[in-house]
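Undergrad: Counting in our numbering, the sequence shown runs without a single skipped number right up to 434 at its last residue. Beta carbons are placed, not taken as given, at the ideal position from N, Cα and C, and that holds for glycine.
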Amino acid sequence: MENTGRKNNDIDGNVGMGQPDDNGFVRPFVQPRGRRPFAVVFLLVALGAVVAAFVYFALYQTGHIHVTREFSDGSIFSGYWRMGEPFGEGVLVTSKGELFEGVWDDNGKLNSGVVVAKEFTYTGGLKDYLPDGYGACHYKDGTRYHGFWSAGRKEGLGKLTTAKGDVAFGVWTDGDLPPAEGQTYSTGERVYGIDVSNHQYVIDWERLALYADSAGVVKPSVDSSRYLQPVLFAIIKSTEGADWQADTFKRNFAEAKRCGIVRGAYHFLRLSDIDGQIKNFIENTPLEPGDLPPVLDMELDKREMARYKDLACEYAHKWLDAIERHYGVKPILYTYDSYYNNYLKGKGFDDYDFFIARYHEDYPRVPHLEIWQYTEKGRAGGITTPVDLDIFMGDYSQFESYMDKNKISTIPTRAL
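(1) Quick one: what's Ile-94 bridged to in DSSP?
(2) Short of 7 Å in beta carbon distance, which residues of its chain neighbour Ser-130, apart from the five on each side in sequence? Order them along the chain.
(3) Can you give me the C-alpha to C-alpha distance between Thr-266 and His-84, rounded to a whole angstrom?
(4) Is Arg-100 helix, strand or coil when you go by DSSP?
(5) Name the DSSP beta bridge partners of Trp-190, please?
(6) Please state whether DSSP places Pro-46 in a helix, a strand or coil.
(7) Beta carbon of Phe-373, beta carbon of Val-313: below 9 Å?
(8) Quick one: is Ser-215 buried, meaning 16 or more other Cβ sit within 10 Å of its Cβ, or exposed?
(9) How would you call Val-185, buried or exposed, if buried means at least 16 neighbouring beta carbons within 10 angstroms?
(10) Is the beta carbon of Asp-360 sitting closer than 9 Å to the one on Ala-324?
(11) Express the C-alpha separation of Trp-122 and Lys-172 in angstroms, rounding to a whole number.
(12) Using 10 angstroms around the beta-carbon of Tyr-219, count the other beta-carbons present and answer buried if the total reaches 16, otherwise exposed.
(13) Suppose only complete runs of 3+ residues qualify. What are the beta strand (DSSP E) ranges in the stretch 311 to 387, listed by chain order?
(14) Pick out the complete beta strand (DSSP E) segments inside the stretch 261 to 300, 3 residues or longer, and give them in chain order.
(15) Counting only the same chain and skipping the five closest in sequence on each side, list residues whose C-beta sits under 8 Å from that of Glu-342.
(16) How would you call Pro-248, buried or exposed, if buried means at least 16 neighbouring beta carbons within 10 angstroms?
(17) Quick check on the burial criterion: 16 or more other C-beta atoms within 10 angstroms. Buried or exposed for Leu-507?
(18) Could you check whether Thr-112 and Asp-146 sit closer than 9 Å to each other, using their CB atoms as the reference points?
(19) Are the beta-carbon atoms of Ile-212 and Glu-306 separated by less than 9 Å?
(20) Looking at C-beta atoms only, is the number of pairs between the stretch 248 to 257 and the stretch 282 to 291 that lie closer than 8 Å three or more?
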C-alpha cells in the first residue's frame, strides 16, 4: 500500500509538467486527481479477499486446512477436511467421550487407529468406528486381548490374558471362546515359545499359533490340529559376530510387541573381535522394559568348540559381563546340553539362567534351566518353514513371576 501511494505521487507530478493550465482540460482514460488511489486500493482489497477466499476454500476442500468442527450429535472432529468428509490425520471425540485417533482415507473412512474409551483402549482395525480385523484391546481391569474382531466383537483367532494370569486362546465366535471338542487342557498350563531368525523369512505374527494334541502338548512336525496353543514368548536373532545383523530382526521385534508376545533378542557368538561383537549387539538391539533378558547363543561348530573351548568361554564371559552392565539384567545363555556338560560346566557360568537345546523326550539336566528348545522341526500357523519350538520350565503364572524378576526394567542410556 505504501509503495502504491509513492508511485502514484511520482506519476502525478511528472504528468502535470508541461500540461495546459486549463481546469476544463481532461486527458482521456486518466482519472481526476485524488480519486484514483482509493479506487485502486478498493479494487485490490476486494480482489485479494476473493482470491484469499477461493484459495482457502480450495485448500479446505482438498484436505490442506486443519479445522475443528462440532456436529449436531455433540461429537467434535479436529483434523483435515476434504469434500465434506474427514481426510488424513485427525481426532474425533464423541458425545459419550470416546476418542478416535487415526488417518481417515479418501472416502472419509477410519479403517484403523486408536480408540480411548472409559473402560478400554483399543489399537487396530476399524469399520464404522467399531473394532474390525486385527487389534489389541487393553481393558481397565487389566485384561488384554490380542486378536481378530468383527463388528466390535471378538471373532477369529485371539488370545485373552487377565490380570490374574489366566490365559484363553483359540478361535472366538461372536465374542465367546468355545472349547474344542475333547479338549482336556487349559491354556497356560504349558508356556510355549519360538526362536526365529532369517530362516523363517516373513512371519504372519497375527496368525501365529501352535498345533497341539487334546492334552495341549505341542509335538514336532504336526502342521494342523483343532487344538491350539499360543506362542507366549519369542526370541529373535539380532546379530552375529562383529558385523552381521539380521535383516528380519527389526520387523519381527516390532510385530511380536504389537501382537502381545513377550519378546527377546539373541546374539550368535563367533571367535572374532569380541569388543566388536558387544558393540554390534548393543547398537542394533533396542531392548525395552518388559522384554526378556538378552540371550547369548553359544553353539560353535563342534570341532571349533573342542579346539578353542577356553577362548570361547573367555569371549562368552566378556560378552555376558558387558551386556549385563549395559542393559542392567543378567543375560541368558543358550547352548546344547552336551556343550554345557563338555565345555561350560565348571567354567563360571552356573550363575546364569540357561536356555538349552536338547532334541529328546527327556528335558536337559542343567542347573538354572529356564527354557528348553525341544525341537528344530516345529510347525506353526503363520510360519511357512520349520521353526524351533521352546517351552518354559513352568506354567504361565511362574513365567510371569520370572519376567517380573528378570525382565528389562529400564531403557539403557549408558554409553559403551
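TA: According to the structure shown:
(1) Looking at the DSSP assignment, Ile-94 forms a beta bridge with Glu-88 and Val-111.
(2) Hits under 7 Å: Gly-120, Gly-142, Gly-143 and Leu-144.
(3) So the alpha carbons of these two residues sit roughly 38 Å apart.
(4) Here Arg-100 sits in strand by DSSP.
(5) Trp-190 is bridged by DSSP to Gly-174.
(6) Per-residue confidence for Pro-46 stands at a pLDDT of 40, beneath the threshold of 50, marking its modelled position as unreliable; the derived number appears in the next sentence. DSSP places Pro-46 in the coil class of the three-state scheme, outside both helix and strand.
(7) Yes, Cβ-Cβ distance for Phe-373 and Val-313 is below 9 Å.
(8) Counting Cβ neighbours within 10 Å, Ser-215 comes out buried, since at least 16 surround it.
(9) By the 10 Å Cβ count, Val-185 comes out buried.
(10) The question names Asp, but residue 360 in the sequence shown is Asn. In this structure, Asn-360 sits near Ala-324, with a CB-CB distance shorter than 9 Å.
(11) In this structure, the alpha-carbon of Lys-172 lies about 23 Å from that of Trp-122.
(12) Label assigned to Tyr-219: exposed.
(13) Segments of the beta strand (DSSP E) lying fully in the stretch 311 to 387: 313 to 315, 350 to 354 and 371 to 375.
(14) Listed in chain order, they are 280 to 286.
(15) Lys-348 and Pro-349.
(16) Taking a 10 Å sphere around the C-beta of Pro-248, we find 16 or more other C-beta atoms and assign the residue as buried.
(17) Outside the shown range of the chain (19 to 434) lies residue 507, about which nothing can therefore be said.
(18) Result no, Cβ atoms of Asp-146 and Thr-112 do not sit closer than 9 Å.
(19) No, Cβ-Cβ distance for Ile-212 and Glu-306 is not below 9 Å.
(20) In short, these stretches touch, since the Cβ pair count reaches three.
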